[in-house]
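For the record, the sequence lines run as chains A and B. Residues in the first sequence are numbered consecutively from 1, following full-length UniProt numbering. Residues in the second sequence are numbered consecutively from 1, following full-length UniProt numbering.
Protein chains: 2
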Amino acid sequence: MSEHSAEAPPLAVVGGGVIGLSVAWRAAVAGFGVTVFDPAPGRGASWVAGGMLAPVAEAWPGEEDVLRLGEESLRRWPGFADDLCAEGADPGLSGAGTVVAGADRADVEQLSVLARYLGSLGREVSVLGGRELRRTQPGLGSSLSGGLLVPGDLAVDNRRLLDALIDAASRRGVRFVPAPVTTVSRTEVRTGDSVAEFAHVVLAAGAWSCGLHPELADRVRPLKGEILRLRARRGSLPPPRRTVRAVVEGRPCYLVPRADGELVLGATQYEAGFDSTVTARGVRELLENAERVFPAIAEYELVETAAGLRAASADNLPYIGALTDGVLAATGHHRNGLLLAPVTADAVVALLTGAEPPAPAVAAHPDRTRETQEESA
Amino acid sequence: MSEHSAEAPPLAVVGGGVIGLSVAWRAAVAGFGVTVFDPAPGRGASWVAGGMLAPVAEAWPGEEDVLRLGEESLRRWPGFADDLCAEGADPGLSGAGTVVAGADRADVEQLSVLARYLGSLGREVSVLGGRELRRTQPGLGSSLSGGLLVPGDLAVDNRRLLDALIDAASRRGVRFVPAPVTTVSRTEVRTGDSVAEFAHVVLAAGAWSCGLHPELADRVRPLKGEILRLRARRGSLPPPRRTVRAVVEGRPCYLVPRADGELVLGATQYEAGFDSTVTARGVRELLENAERVFPAIAEYELVETAAGLRAASADNLPYIGALTDGVLAATGHHRNGLLLAPVTADAVVALLTGAEPPAPAVAAHPDRTRETQEESA
Chain A
1 MSEHSAEAPP
11 LAVVGGGVIG
21 LSVAWRAAVA
31 GFGVTVFDPA
41 PGRGASWVAG
51 GMLAPVAEAW
61 PGEEDVLRLG
71 EESLRRWPGF
81 ADDLCAEGAD
91 PGLSGAGTVV
101 AGADRADVEQ
111 LSVLARYLGS
121 LGREVSVLGG
131 RELRRTQPGL
141 GSSLSGGLLV
151 PGDLAVDNRR
161 LLDALIDAAS
171 RRGVRFVPAP
181 VTTVSRTEVR
191 TGDSVAEFAH
201 VVLAAGAWSC
211 GLHPELADRV
221 RPLKGEILRL
231 RARRGSLPPP
241 RRTVRAVVEG
251 RPCYLVPRAD
261 GELVLGATQY
271 EAGFDSTVTA
281 RGVRELLENA
291 ERVFPAIAEY
301 ELVETAAGLR
311 AASADNLPYI
321 GALTDGVLAA
331 TGHHRNGLLL
341 APVTADAVVA
351 LLTGAEPPAP
361 AVAAHPDRTR
371 ETQEESA
Chain B
1 MSEHSAEAPP
11 LAVVGGGVIG
21 LSVAWRAAVA
31 GFGVTVFDPA
41 PGRGASWVAG
51 GMLAPVAEAW
61 PGEEDVLRLG
71 EESLRRWPGF
81 ADDLCAEGAD
91 PGLSGAGTVV
101 AGADRADVEQ
111 LSVLARYLGS
121 LGREVSVLGG
131 RELRRTQPGL
141 GSSLSGGLLV
151 PGDLAVDNRR
161 LLDALIDAAS
171 RRGVRFVPAP
181 VTTVSRTEVR
191 TGDSVAEFAH
201 VVLAAGAWSC
211 GLHPELADRV
221 RPLKGEILRL
231 RARRGSLPPP
241 RRTVRAVVEG
251 RPCYLVPRAD
261 GELVLGATQY
271 EAGFDSTVTA
281 RGVRELLENA
291 ERVFPAIAEY
301 ELVETAAGLR
311 AASADNLPYI
321 GALTDGVLAA
331 TGHHRNGLLL
341 APVTADAVVA
351 LLTGAEPPAP
361 AVAAHPDRTR
371 ETQEESA
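Written out as structure tokens, the structure is:
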């Protein structure tokens, strides 16, 4: 099935999460001979995610670079999904839209800021009172004060996407080495006792990237996130058809339906080092908030509890670009790995082939943090 | 390893939960040739349990027969455990005692009734104010109003016990058939296409017993119970050393520490037919209540969520005794299977050998419910 010749420039991708797999697939299509190193491809932070592709709702004031990169990637998502489907690997992209709910007046206040912002970006958005909210999405809690309808919003089934990327990459001849990388020295990649030399190395190891290159050592840190997966039981109200985002007393909460009937609840966010245990408090808070937003879930089956370690950067922008000769970073995607996969993959392939990367990706060059840190020092 | 001869009277035990396994082991010791039928021995309702051996706290006013049977079994527990240990199978019996806590004044009121009752039975018990309670068991929630210390209380590690019983039974030559029994007709036991004839059959299939004998059809029903297993994380307060029982706004809650560092939280109780899914509500309520009783568990790892189907009878007494010629019941143990295992096994072996069963077991004869039902009809 491999299309590239023995002379294809050899590329190592360290990390087989959504970023590494997207880079590997796109690079293989572009003619590289790709090897992905990961002990468990597709099972990192991107496995533990809701899959909302909503750059605005994740952005904070002052993070315009993050928003621009997100909007650029969102524009690329439909084409990215079509290309995957053309490879026979459907990632489960949904355009059912989002309902955003606010629990109390202060929460609704916060949403009206979001509505104005979406409007200024030319996005379609309707402001809903409490009753309209429940008419738009039956089953929402009677105590919710109001909300928004964002019809265009996209979501992706993160697990289908990961499987689709592994499929598509494999068909394009990408080789998988199921071993953890211990060191990357120039363009040499070491796993246990064996070392291999590549023309290029892409570091896409998420939170673990900090241990793989001195330039990333103090710039990527793990940020724990917990999610739950629920399933409606016989006789209980079916899950919402759209993504439901909510702000409950200032805390964000989301419910993302899957085509197979599961409902993903997320997500907590903690600084806990490399500890990825699911905590009692995290599960309790997720369930409490979600019951307030969509009370029927009380009767749902709790199918799975999971925690993942997201790769956080200081400014919430990822690192995309050259670290040293032949070594590129594609990490630090924080809560946005699924959203940013298309633009990251396109940027990395552009940098590898000497083409111009998408303009908003330039701000994500690894050098920028160093400068910021030096300025503030 | 088998000690019994080919002429040992053949006995079938249908169901390999704590009751079936205890009967099988004790009957094998008494010289029977025992076959246990269960697709997954040791993995029924008794696998999903706290392991408190506290008959009084589980009894309700008017249920003196249940209490007498429980007290009789409690007296037999140390000997039962010693006998298992002598077979090289330690069930993890703990005598660390129980702290009972009440969340508010009404809960403490309820506990003072329990204290008087324990006193009248000659059990040692101390009444504690809120501050004494927290001094007795550090880590208990500051909002708890008061409680009791019951030093003598026993608890057993239910999973170690089940493994120990399987071990001890196997060493005594008990044969395990890992198949579900479809029908029991007189003393013939059918599994799929094969039928085997026995001298005696003991029905110990818990909630599933209702489908195996017409005399049990409308007298045993499933009662769902959910439990959680937690584990302290580095830096979090260690689990309590004693069992902690609590009443939180009228709802019972228990935390039972295990020697291996796990903490079992229990238990919900629902009528849900044969549905044994873990629900969002059940998990949320268990965590909420337990956090109020022992706040440090918020930071614990949530290791497992599980649901089991207890076998409930109309009057909370089990059914122990002959149903028809050669067929005995040992089922309907409700929340008390672990507590009642020794007395049930001794009663069944006595009935099989023509000896006198322990006096309190006589009230548990299957005929009594039929009479009660006829009286009330």
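Note that CB positions come from ideal geometry on N, CA and C, so glycine has one too. Quick caveat, the model's predicted, so the values are computed rather than measured.
Is it right to say A:Leu121 is buried, meaning 16 or more other beta carbons lie within 10 angstroms of its own, or is it exposed? exposed
Under 7 Å (Cβ pairs) to chain A, residues found in the stretch 292-306 of chain B: Ile297, Ala298, Glu299, Tyr300, Glu301, Leu302 and Thr305
Is it true that the CB of A:Ile227 sits closer than 7 Å to the CB of A:Gly266? yes
How long is the line joining the alpha carbons of A:Phe274 and B:Arg233, rounded to whole angstroms? 13 Å
Between the stretch 323-339 of chain B and the stretch 85-97 of chain B, can you find at least three pairs of beta-carbon atoms closer than 8 Å? no
Does DSSP classify A:Ser185 as helix, strand or coil? strand
Got a sec: which bits of the stretch 263-280 of chain A sit with their beta carbon under 8 Å from any beta carbon on chain B, in order along the chain? Asp275, Thr277, Val278, Thr279 and Ala280
Looking at the C-beta of A:Pro257, does it have a partner C-beta in chain B at a distance below 7 Å? no
Tell me, please, which residues DSSP counts as bridged to B:His200. B:Leu11
What are the boundary residues of the alpha helix (DSSP H) that A:Ala115 is part of? Arg105 to Ser120
7 Å Cβ cut-off: residues of chain B touching A:Glu288: Arg284
Tell me, to the nearest whole angstrom, how far the beta carbon of A:Val349 is from that of A:Arg76; I am working on the premise that it is less than 8 Å. With a Cβ gap of about 12 Å, A:Val349 and A:Arg76 do not count as contacting.
With 16 other Cβ atoms within 10 Å as the buried cut-off, status of B:Glu374: Confidence in B:Glu374 is poor, its pLDDT being 44 and thus under 50, which makes the residue's placement unreliable; the coordinate value appears in the next sentence. B:Glu374 comes out exposed.
With A:Pro55 and A:Glu71 assumed to form a contact (beta carbons below 8 Å), what rounded beta-carbon distance in angstroms separates them? 5 Å
Which same chain residues end up closer than 8 Å to A:Arg186 when comparing Cβ atoms and leaving out the 5 residues on each side of it in sequence? Thr324, Asp325, Gly326 and Val327
Using only the alpha-carbon positions, how far apart do B:Ser2 and B:His200 sit? Residue placement at B:Ser2 cannot be trusted, given a pLDDT of 43 that sits under 50; the coordinates are not used to answer.
If you measure between the beta carbons of A:Ala329 and A:Thr344, is that distance less than 7 Å? no
In the DSSP output, what is A:Arg310 paired with across the bridge? A:Leu223
Quick one: any contact between the stretch 122-138 of chain A and the stretch 160-175 of chain A, if contact means 3 or more CB pairs under 8 Å? no
Got a sec: is the Cβ-Cβ distance from B:Leu140 to anything in chain A below 7 Å? no
Close-in-space but distant-in-sequence residues of the same chain around A:Glu188 (CB under 6 Å, 5 per side omitted): Val195 and Glu197
For A:Val113, is the classification buried or exposed, using 16 other Cβ atoms within 10 angstroms of its Cβ as the cut-off for buried? exposed
Which stretch, first to last residue, makes up the beta strand (DSSP E) that contains A:Leu67? Run containing A:Leu67: none in the beta strand (DSSP E); it sits in the alpha helix (DSSP H), Glu64 to Ala86.
Inter-residue CB distance, A:Leu93 and A:Val29 (contact presumed, cutoff 8 Å): Incorrect: roughly 19 Å between the Cβ atoms, too far for contact.
Which residues mark the beginning and the end of the beta strand (DSSP E) in which B:Val150 is found? Gly146 to Val150
What are the residues in the stretch 201-231 of chain B lying within 7 Å of chain A by C-beta distance? Leu230
C-alpha distance - A:Leu309 paired with A:Thr279, whole-angstrom precision: 14 Å
List the residues that DSSP assigns as beta-bridge partners of A:Glu301. A:Arg231 and B:Thr279
Which of helix, strand or coil DSSP assigns to B:Glu262: strand
Could you spell out where the beta strand (DSSP E) holding B:Ala322 opens and where it closes? Tyr319 to Thr324
Reduced DSSP secondary structure (H/G/I, E/B, other) of B:Ser143: coil
Where A:Ala205 sits in the DSSP three-state scheme: coil
The stretch 206-224 of chain B contacting the stretch 250-267 of chain B, beta-carbon criterion three pairs below 8 Å: no
What do you get for B:Pro39, buried or exposed, if any count of 16 or more other CB atoms within 10 angstroms of its CB means buried? exposed
Ordered along the chain, which non-local residues of its own chain (more than five positions away) have a Cβ less than 6 Å from that of A:His365? Gly321
Segment contact flag, the stretch 166-181 of chain A with the stretch 143-158 of chain A, C-beta cutoff 8 Å, min 3 pairs: no
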